[in-house]
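Enquirer: Would you mind keeping the following structure in view while I ask a few things?
Number of protein chains: 2
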Amino acid sequence: VRPDTRDEDAWIAAVSRRFGASPRVLLGPGHDAAVVAFDGREVVLKTDTVVDGVDFRLEACGPRAAGRKALAVTASDLAAMAATPRACVVSAVLPPGVTFETFDGIAAGLADAAEETGCEVVGGDTSVAPGPLVITVSAIGEPGPAGVVGRRGARPGDALSVTGALGGSILGRHLTFRPRLAEAQVLASERIPRAMMDLSDGLSTDLPRLCAMSGVGADVEAARVPIHPDAVRAGGARSPLEHALHDGEDFELLLAHAPLEVEALAALAARGVTLHRIGTVTAAAGEVRLLRDGRATPLERGGYDHLARTGP
Amino acid sequence: VRPDTRDEDAWIAAVSRRFGASPRVLLGPGHDAAVVAFDGREVVLKTDTVVDGVDFRLEACGPRAAGRKALAVTASDLAAMAATPRACVVSAVLPPGVTFETFDGIAAGLADAAEETGCEVVGGDTSVAPGPLVITVSAIGEPGPAGVVGRRGARPGDALSVTGALGGSILGRHLTFRPRLAEAQVLASERIPRAMMDLSDGLSTDLPRLCAMSGVGADVEAARVPIHPDAVRAGGARSPLEHALHDGEDFELLLAHAPLEVEALAALAARGVTLHRIGTVTAAAGEVRLLRDGRATPLERGGYDHLARTGP
Numbered sequence: 002v003r004p005d006t007r008d009e010d011a012w013i014a015a016v017s018r019r020f021g022a023s024p025r026v027l028l029g030p031g032h033d034a035a036v037v038a039f040d041g042r043e044v045v046l047k048t049d050t051v052v053d054g055v056d057f058r059l060e061a062c063g064p065r066a067a068g069r070k071a072l073a074v075t076a077s078d079l080a081a082m083a084a085t086p087r088a089c090v091v092s093a094v095l096p097p098g099v100t101f102e103t104f105d106g107i108a109a110g111l112a113d114a115a116e117e118t119g120c121e122v123v124g125g126d127t128s129v130a131p132g133p134l135v136i137t138v139s140a141i142g143e144p145g146p147a148g149v150v151g152r153r154g155a156r157p158g159d160a161l162s163v164t165g166a167l168g169g170s171i172l173g174r175h176l177t178f179r180p181r182l183a184e185a186q187v188l189a190s191e192r193i194p195r196a197m198m199d200l201s202d203g204l205s206t207d208l209p210r211l212c213a214m215s216g217v218g219a220d221v222e223a224a225r226v227p228i229h230p231d232a233v234r235a236g237g238a239r240s241p242l243e244h245a246l247h248d249g250e251d252f253e254l255l256l257a258h259a260p261l262e263v264e265a266l267a268a269l270a271a272r273g274v275t276l277h278r279i280g281t282v283t284a285a286a287g288e289v290r291l292l293r294d295g296r297a298t299p300l301e302r303g304g305y306d307h308l309a310r311t312g313p
Numbered sequence: 002v003r004p005d006t007r008d009e010d011a012w013i014a015a016v017s018r019r020f021g022a023s024p025r026v027l028l029g030p031g032h033d034a035a036v037v038a039f040d041g042r043e044v045v046l047k048t049d050t051v052v053d054g055v056d057f058r059l060e061a062c063g064p065r066a067a068g069r070k071a072l073a074v075t076a077s078d079l080a081a082m083a084a085t086p087r088a089c090v091v092s093a094v095l096p097p098g099v100t101f102e103t104f105d106g107i108a109a110g111l112a113d114a115a116e117e118t119g120c121e122v123v124g125g126d127t128s129v130a131p132g133p134l135v136i137t138v139s140a141i142g143e144p145g146p147a148g149v150v151g152r153r154g155a156r157p158g159d160a161l162s163v164t165g166a167l168g169g170s171i172l173g174r175h176l177t178f179r180p181r182l183a184e185a186q187v188l189a190s191e192r193i194p195r196a197m198m199d200l201s202d203g204l205s206t207d208l209p210r211l212c213a214m215s216g217v218g219a220d221v222e223a224a225r226v227p228i229h230p231d232a233v234r235a236g237g238a239r240s241p242l243e244h245a246l247h248d249g250e251d252f253e254l255l256l257a258h259a260p261l262e263v264e265a266l267a268a269l270a271a272r273g274v275t276l277h278r279i280g281t282v283t284a285a286a287g288e289v290r291l292l293r294d295g296r297a298t299p300l301e302r303g304g305y306d307h308l309a310r311t312g313p
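Protein chains in written order, with my numbering: chain A, 2 to 313; chain B, 2 to 313.
In structure tokens:
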């Protein structure tokens, strides 16, 4: 049986089987990053790619913003694992005729993000090929003292929370967001997240992934979803709530955790972390629902699927 | 002053300055891979990209060969550092309309190379964008007991050697080559290489890079350059020697080392490593010469330069 070509996750799951799973791989596909046993240590390893015309528009945003985003999206995945970025390497595929100014602008943006995140750029590779600008940043990170956090530990009854308001990031935040590294460290230091990920493809696409890895379901309460002002400004066919549920690239953290008393939430806020509870983990494996006006409906995936427009 | 846009190295050197150099970076730009201090260990980190139409022709070679090459070129850089590959992550930018068979074929090739090299595939990222297939493999490696080998240690009077015959790899070896990981381990275990790299862009392009990092020059003896049968078969405007000197993608190791007696060379051969001495390191910093019929002429760069066809 062929996997459904409209589903990125299915394609990736199908080919992941080719790569086995040795004892050296502590966490593999399905999490925000891999964790590898290395010379008596754990290395968190992640690659992420941004492409002109898909993840940014070079002509509109300029090379510096593109370079910054390329590194920031990778750092965000390390944040999702509660890991601290240490170093990265960058691969760039440049369109023919690229100017040195563009190349240098990309480097400047990478340097900006490296300084912000502590993820030093230590090497790279450059190609020229007809097609859009492609920037891939691959990083190593170090687990915090409490270890890494994957997507597997959510339990029925857990609270589901996000670290910030959602929706409408296309208006600009998808370029300027700050990876939630500090927030992840605070949360991990209190051993709060049982499962965590960053919201890159939209809540309605990403939450089912976390649920699948943990073997649980989720109820999202519509009235609790923090709606970003950009989700209202974005307009179009989607309502503000729909923007918050389905838009990609919020790069906020989504986590499952034991419900917290108000004092604990206030203590987190004092350390710079505001948790917005959006729902509850359920035992109904694979069932992700939206609760609204006393009714529960399936939360359909409305996020970005890289492979949704491909296939024979 | 703008860097010469016809020179990939100049562009990269110009932007590398943006990335500083912290004590955490033990070896940075200019070597085959970076070496980073990580939680009391050393991690060798490398990214390399292959692009359809530049590094392979997907229609001709098929996805499995492309996937295999993507991982093998990165593993070859780790070999050049005398490091052992441990794990990698893969980013693929797929052309619109890509079939699952192609996607799966790439994965099969990656799995082939992972098994050959011990560099396990532990994660990845997939995008779809108009343009050629792009595959980036980013790997971590572990230094051997004798530590990593960079490009900096060549000394005047050292022998220059390669691990195999050169030229004409375009006829097929550029897809099927075996990264010289075992050879590098044998050489490093005997502490033979003072400086080492893999030949990816052609001897005449790569040797000056090693010389620049070591602050030395080199004399290459034309009659000693091992010419691969493919360099003869390749034909065209280049002579067999020119193919051996200038063609890219041999993926043999080039190393500088103290001259070896025949007994030492025989002992290496018994362990599977044939060193072909091609010349001598000189004190004439930056001067790379070809000695032929009693005459010395500058060895002009004739290898592949990704940025040679770009610029304003």
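Here a beta-carbon is modelled for each residue, glycine too, at the ideal position from N, C-alpha and C. A quick note: this is a predicted structure, and the numbers were derived from the prediction, not measured.
If we define contact as Cβ-Cβ less than 8 Å, is Ser23(B) a contact residue for chain A?
Expert: yes
Enquirer: Of all the CB atoms in chain B, is at least one closer than 8 Å to the CB of Ser77(A)?
Expert: no
Enquirer: Closest Cβ-Cβ distance between Pro133(A) and chain B: below 8 Å?
Expert: By this cut-off, Pro133(A) is an interface position.
Enquirer: To the nearest angstrom, report how far apart Leu255(B) and Gly218(A) are at their CA atoms.
Expert: When rounded, the distance between both Cα atoms is 56 Å.
Enquirer: Residues of chain A with CB under 8 Å from Val149(B), in chain order?
Expert: Within chain A, no residue comes near Val149(B); the closest Cβ sits about 13 Å away, beyond 8 Å.
Enquirer: Please report whether the beta-carbon of Arg153(A) lies at a distance below 8 Å from any beta-carbon of chain B.
Expert: Using a CB distance cut-off of 8 Å, Arg153(A) does not count as an interface residue toward chain B.
Enquirer: Any contact between the segment 91 to 98 of chain A and the segment 120 to 131 of chain A? By contact I mean 3 or more CB pairs, one from each, below 8 Å.
Expert: yes
Enquirer: Below 7 Å CB to CB, which residues in the same chain sit around Gly29(B) once its five sequence neighbours on both sides are set aside?
Expert: Ala22 and Ala35
Enquirer: Who are the near neighbours of His258(B) in its chain, counting only those whose CB is closer than 7 Å to its CB and skipping five residues on each side?
Expert: Asp159, Ala160, Ser162, Ile193, Pro194 and Arg195
Enquirer: Would you call the segment 132 to 146 of chain A and the segment 79 to 94 of chain A in contact, with 3 or more CB pairs under 8 Å?
Expert: yes
Enquirer: Determine the chain B residues that contact Ile13(A) at a beta-carbon separation under 8 Å, and present them in chain order.
Expert: Gly125 and Thr127
Enquirer: Using 10 angstroms around the beta-carbon of Ala183(B), count the other beta-carbons present and answer buried if the total reaches 16, otherwise exposed.
Expert: exposed
Enquirer: Just verifying my parser: in three-state terms, what is the DSSP assignment at Ser215(A)?
Expert: In this structure, Ser215(A) counts as helix in the three-state DSSP scheme.
Enquirer: Let me know the secondary structure DSSP gives Pro144(B) once reduced to three states.
Expert: strand
Enquirer: Check the Cβ of Lys70(B) against every Cβ in chain C and list those closer than 7 Å, keeping chain order.
Expert: In the structure shown, chain C does not exist; the protein chains are A and B.
Enquirer: Contact criterion: CB-CB distance below 8 Å. Does Asp49(A) meet it with respect to chain B?
Expert: yes
Enquirer: Measure the alpha-carbon distance for Met82(A) versus His32(A) and round it to whole angstroms.
Expert: Cα to Cα, Met82(A) sits roughly 8 Å from His32(A).
Enquirer: Only counting the same chain, and skipping five residues up and downstream in sequence, which positions put a Cβ closer than 7 Å to that of Thr283(A)?
Expert: Pro157, Val217, Gly218, Ala219 and Asp220
Enquirer: Could one say the Cβ of Leu46(B) lies closer than 8 Å to chain A's Cβ atoms, at least one of them?
Expert: yes
Enquirer: Within the 8 Å Cβ cut-off, does Asp202(B) reach chain A?
Expert: Chain A contact via Cβ: absent.
Enquirer: Which ranges would you report for the beta strand (DSSP E) in the segment 186 to 260 of chain A if only whole runs of at least 3 residues count?
Expert: 196 to 199, 218 to 222 and 254 to 258
Enquirer: Spatial neighbours of Ala147(B) within its chain, please: CB distance less than 8 Å, with the 5 preceding and 5 following residues excluded, ordered by chain position.
Expert: Contacts found: Ala83, Ala189, Ser190 and Arg192.
Enquirer: Am I right that Ala88(B) and Val52(B) are in contact with their C-beta atoms under 8 Å? What's the rounded C-beta distance?
Expert: At roughly 23 Å, the Cβ-Cβ gap does not stay under 8 Å, so Ala88(B) and Val52(B) are not in contact.
Enquirer: If contacts are defined as beta-carbon pairs under 8 Å, then Phe178(B) and Ala112(B) qualify, I think. What distance do you get, rounded to the angstrom?
Expert: Actually they do not touch by this definition, with Cβ atoms about 18 Å apart.
Enquirer: Are the C-beta of Pro86(B) and some C-beta of chain A separated by less than 8 Å?
Expert: no
Enquirer: Helix or strand or just coil, what does DSSP make of Val45(A)?
Expert: strand
Enquirer: For Arg42(B), would you say it is in contact with chain A, using Cβ-to-Cβ distances shorter than 8 Å as the test?
Expert: True, the Cβ-Cβ gap to chain A drops below 8 Å.
Enquirer: If we cut at 8 Å on Cβ distances, does Pro64(A) have a partner in chain B?
Expert: No, Pro64(A) lies away from the interface with chain B (no Cβ there is under 8 Å from its Cβ).
Enquirer: Per DSSP, Ser128(B) is paired with what?
Expert: Val94(B)
Enquirer: Please go through the segment 58 to 102 of chain B and give each complete beta strand (DSSP E) segment of 3 or more residues, from N-terminal end onward.
Expert: 84 to 95
Enquirer: Work out the CA separation of Leu292(A) and Ser17(B) for me, nearest whole Å.
Expert: 52 Å
Enquirer: Quick one: measure Cβ to Cβ for Val289(B) and Thr48(A), integer angstroms, because I've assumed they're closer than 8 Å.
Expert: In fact, because the Cβ distance is near 35 Å, the residues do not count as touching under 8 Å.
Enquirer: Which two residues bound the contiguous beta strand (DSSP E) that contains Val150(B)?
Expert: Element bounds for Val150(B): n/a, residue is neither H nor E.
Enquirer: Consult DSSP for Thr275(A) and reduce its assignment to one of helix, strand or coil.
Expert: coil
Enquirer: Compare the Cα-Cα distances from Ala224(A) to each of Arg42(A), Leu242(A) and Arg272(A) and report the closest residue.
Expert: Nearest option by C-alpha distance: Leu242(A).
Enquirer: 8 Å is my cut-off, CB to CB: does Arg19(B) come that close to chain A?
Expert: yes
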